[in-house]
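Chains as they are written, first to last, in our numbering: chain D, 41 to 378; chain E, 41 to 378. Every residue gets a Cβ at the ideal spot worked out from N, C-alpha and C, and that includes glycine. Report on the structure given below.
Number of protein chains: 2
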Amino acid sequence: MGGDYGPSITIPGVKLALQNYPDLFILLVGRQESLRPFLQKYKLENHPRVQVVHASEVVEMDESPASALRGKKDSSMRVALNLVKEAKAQACVSAGNTGALMATSRFVLKMLPGIDRPAIMYSLPTLDPISQQTARVHMLDLGANVDCKDEHLFQFAVMGSVLSSQVDGLASPKVALLNIGEEQMKGLEVIKRAAQKISECQALNYIGYVEGTDILKGKANVIVCDGFVGNVALKTMEGVVRYIASHVKLAFNHSLFTRLCGFLAWPVFRVIRQKLDLRRHNGASLLGLKGIVVKSHGGAKAEAFATALGEAFHEVKKDIPNKIHALIDEILGKEDVR
Amino acid sequence: MGGDYGPSITIPGVKLALQNYPDLFILLVGRQESLRPFLQKYKLENHPRVQVVHASEVVEMDESPASALRGKKDSSMRVALNLVKEAKAQACVSAGNTGALMATSRFVLKMLPGIDRPAIMYSLPTLDPISQQTARVHMLDLGANVDCKDEHLFQFAVMGSVLSSQVDGLASPKVALLNIGEEQMKGLEVIKRAAQKISECQALNYIGYVEGTDILKGKANVIVCDGFVGNVALKTMEGVVRYIASHVKLAFNHSLFTRLCGFLAWPVFRVIRQKLDLRRHNGASLLGLKGIVVKSHGGAKAEAFATALGEAFHEVKKDIPNKIHALIDEILGKEDVR
C-alpha cells in the first residue's frame, strides 16, 4: 500500500518479480478493495503464486513511527510483519514509511541476540578508476541510528560482512570504516574505538578507513558509518547526480548544434544515465532483526520495486538472519573464551 | 612552499593574481634559494609589488600540527602568519598542510572574542533545478572540528552569514543547518539545539534544515554542519564527480561511433566539465581568527592558486574578521541585555 504510488506500482512490480523468480510466492497485504482493480489490470487475480491478505489500515508516509505502532494494529505493514513473525512469510518488502517500518519491525520481529540496533543497508555501484572494474559496495547504517557507539559500528561491520559474503559470494569481504582521512584530525573517538574492535576480530577482513572520495571506487565491499553521516553521504551523492544531470541538460539545450550533438550521443547518454542511477539496486535491507525486511524507495517504479522483491528473495535463499546470528555467536563465543 | 607542487605553481599563481588585482601586493614567504629560479622564470624578480621574505624551514604535508607548531618556528607558514599578526600583511594564503595551518593560525593570530573555534569554509557552485539560476553556497565547517556543540554551530552560522553578506553582497543570506530530513529521525540533538539558537537570533535569516540532496540546489546561501559531516559530504561529492567522469569516458570510448559523438560534443563537455569542478572557487577560508587565512587546495594549479589569492584579497577589502567581530559583539550584547 505504501510508497508514492501504492498498488499502482507495487502490483506490476510483483508481476515482474513473479516472472523473474519461478519459486517466488507473494502474499499481497493491504486493503482488498484497493488491490482488486490492479490485480485485474495486471491479470494476477487467479495467479497460483499470489494471495491477498486483507489489512484494513494503511500507515501514512508522514505518520510518526509511534502513531503507526500504537494506533494501527491492522495496518498492511503490521500485518505483513506479523506474517514473517509467524513464519507464514519469509520476508517483508515495503515501499512505505521508513521510520514506521523500522519501529514496527523491531517491535514485531525483535532483534537478533548480540545485535543492539537494526541498521539500514544499501548497495551502491562502484567503478575502480584504474582497472575499470565495476562492482557494488554495501554501506550501512544509512539512517536508522543517528548516534552510534563503537559496538554498534562493530555490529554493523559483522552484518555487512555476512550479507556481502552471502549475497555477493565473496569469501572474505573487505570491510572499511568511513572517516575523514586527513592525518591531523584522525576522526571521531568512536570511530577509532570501532576500528580497534573491528581490526581485532578475526572473522572480519578489515582494510582500514575510507574517505568520501573512495565510496564509489570499489576499495571496500562493506563501508560502515553511523546513520547520520551515512544518510548525509547518500543524499549528497544523489544531489550531485541531479546537479550534473541538470547541467548536462542545460549544456546540450544551449543551441541547435549542441542539440544535434546531444541527439547523436543519445544512446551513449542512456548507458551513462543507467550507471548514474545510484538507487538502481533498489531495496535497502533492515539488518539485525529476527527476520528479513527490505525497504523499497518510496519513489520506486514497478521495475525497481521488483528489484527490491528480488533482494528479499536472495536474502531468504541465503538465510541471512541466521547467518548473522551464527557469526555473532561465534565472535561473542570466542570473546568469552579470552 | 606548500601544496603538491610548491613554488612551481604558487609563483605563476602569484603572477596571475598580480595581473588580476592591480592593488595587490605580495610577500612571498619561503626559502630564498627555492623561490629564486621561479621568480626568474616568471620575471617577477624586480616586480614592484613582490617582495621575498626568507624563511628557512618548510612544514611537510604529512607533518603533525604539533610538530609544525613546536619544532618549526622559522617555517614559511609560521613566518607568514607572524606577518599577518604584526599587520605587515593583511592575509595569509597557503597551499600547505591544513592541520598545521589551522593550529599555527590559531596559536599565532588567536581567536576573535566570542568565537571558540576556527572553521573551514568553502564555497560550492549551485544550480536551482527550477529557475536554472546558478549561484554559490558557503558551507562550514569542513573539517576543522570533528565534534561540535550547538554553540559552535551557532558561531559557524554567524561567521558564514557575515562572509556571504559581505563577499556575495547579500542583504540577508539564507542560513540552513545540514540534517537528515526524514521526519522520524529528526536528526541529532545537538543540531536541534543549534536550530533553536540560530532561529532565535534576529541577526540571522535562518531557513531551517537542508538535506544532502539540497546542497547544490541553491536553497541556502550558507550551510552549517560539524566538520566531520561536512568533510565527508565534500569528499563524497568529489567522489561522485570522479565516478561519473570515469563512466562518461568509458561510454564514449566504447566504439568508433561513440568516439565520434564524443568528439562532436567536445565543446559541450568542456562547458559541463567546468561546472563539475566543485573546487573551482579554490580557497577555503579559515574563519574565526583575528586575521585572514585562506587555504588553497594542495593539488591546485596556478590558476586555482590565483583564485585563492583573490578570495583572500576580497576578504581583506571587506574586512571580514572585524565584521564577524562586530556581529558577534552585537549578538552577545543583545543577549546580555535580556
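So is residue i buried or exposed if we call it buried at 16+ other beta carbons inside 10 Å?
i                      : result
residue 305 of chain D : buried
residue 51 of chain E  : buried
residue 59 of chain E  : exposed
residue 112 of chain D : buried
residue 114 of chain E : exposed
residue 164 of chain E : buried
residue 77 of chain E  : exposed
residue 362 of chain E : exposed
residue 110 of chain E : exposed
residue 300 of chain D : exposed
residue 86 of chain D  : exposed
residue 260 of chain E : buried
Tell me the residue span of the alpha helix (DSSP H) that contains residue i.
i                      : result
residue 53 of chain E  : 47 to 60
residue 413 of chain D : Residue 413 of chain D lies beyond the residue range present for chain D, which begins at 41 and ends at 378; the question has no answer from this structure.
residue 209 of chain E : Residue 209 of chain E -> no alpha helix (DSSP H), and no H or E assigned at all.
residue 139 of chain E : 138 to 149
residue 70 of chain D  : Counting along the chain, residue 70 of chain D falls outside any alpha helix (DSSP H), though it belongs to the beta strand (DSSP E) covering 66 to 70.
residue 189 of chain E : First-last for residue 189 of chain E: undefined, no H or E at that position.
residue 351 of chain E : 342 to 357
residue 229 of chain D : 229 to 240
Please state if the CB of residue j and the CB of residue i are separated by a distance shorter than 8 Å.
i                      : j                      : result
residue 196 of chain E : residue 208 of chain E : no
residue 237 of chain D : residue 190 of chain D : yes
residue 364 of chain D : residue 327 of chain D : yes
residue 244 of chain E : residue 186 of chain E : no
residue 125 of chain D : residue 152 of chain D : no
residue 336 of chain E : residue 46 of chain E  : no
residue 159 of chain E : residue 184 of chain E : yes
residue 277 of chain E : residue 166 of chain D : no
residue 323 of chain D : residue 342 of chain D : no
residue 312 of chain D : residue 203 of chain D : no
residue 273 of chain D : residue 302 of chain D : no
residue 170 of chain E : residue 271 of chain D : no
residue 348 of chain D : residue 133 of chain D : yes
residue 90 of chain E  : residue 75 of chain E  : no
residue 69 of chain E  : residue 269 of chain D : no
residue 258 of chain D : residue 216 of chain D : no
residue 281 of chain D : residue 250 of chain E : no
What is the DSSP secondary structure of residue i, counted as helix, strand or coil?
i                      : result
residue 283 of chain D : helix
residue 257 of chain D : helix
residue 202 of chain D : helix
residue 108 of chain D : helix
residue 373 of chain D : helix
residue 175 of chain D : strand
residue 182 of chain D : coil
residue 32 of chain E  : Outside the shown range of chain E (41 to 378) lies residue 32 of chain E, about which nothing can therefore be said.
residue 87 of chain D  : coil
residue 332 of chain E : strand
residue 364 of chain D : helix
residue 96 of chain E  : coil
Kindly list, in the order they appear in chain D, the residues whose Cβ is closer than 7 Å to that of residue i.
i                      : result
residue 286 of chain E : 167 and 169
residue 218 of chain E : 272
residue 172 of chain E : 290
residue 255 of chain E : 276 and 279
residue 345 of chain E : In chain order: nothing, as chain D lies at least about 20 Å away.
residue 298 of chain E : 308
Show which residues of chain E have a CB atom less than 7 Å away from the CB atom of residue i.
i                      : result
residue 338 of chain D : Chain E residues near residue 338 of chain D: none, gap ~10 Å exceeds 7 Å.
residue 291 of chain D : 308, 311 and 312
residue 196 of chain D : Going along chain E, no residue has its Cβ under 7 Å from residue 196 of chain D, so there is no contact; the nearest lies around 16 Å.
residue 251 of chain D : 275
Taking C-beta pairs closer than 8 Å, name the residues in chain D that residue i reaches, listed in chain order.
i                      : result
residue 301 of chain E : 301, 304, 305 and 308
residue 181 of chain E : Result: empty, since nearest Cβ-Cβ is about 11 Å, beyond 8 Å.
Residues of chain E with CB under 8 Å from residue i, in chain order?
i                      : result
residue 316 of chain D : 284 and 287
residue 160 of chain D : Ordered by position in chain E, no residue passes the 8 Å Cβ test against residue 160 of chain D, which lies about 11 Å from the chain.
residue 242 of chain D : Correct list: empty, because the minimum Cβ distance to chain E is about 29 Å.
residue 269 of chain D : 268, 269 and 272
Note the first and the last residue of the continuous beta strand (DSSP E) segment covering residue i.
i                      : result
residue 220 of chain D : Element bounds for residue 220 of chain D: n/a, residue is neither H nor E.
residue 245 of chain E : 245 to 250
residue 324 of chain D : 324 to 327
residue 161 of chain D : 159 to 167
residue 262 of chain E : 262 to 264
Give me the chain E residues within the contact set of residue i, using Cβ-Cβ distance strictly less than 9 Å, ordered along the chain.
i                      : result
residue 187 of chain D : 228 and 229
By the criterion of Cβ-Cβ separation under 9 Å, what are the contact partners of residue i in chain D?
i                      : result
residue 262 of chain E : Simply none; closest approach about 17 Å.
Quick one: is the Cβ of residue i within less than 7 Å of any heavy atom of the ligand GDP?
i                      : result
residue 298 of chain D : No copy of the ligand GDP occurs in the structure displayed, which carries no ligand at all.
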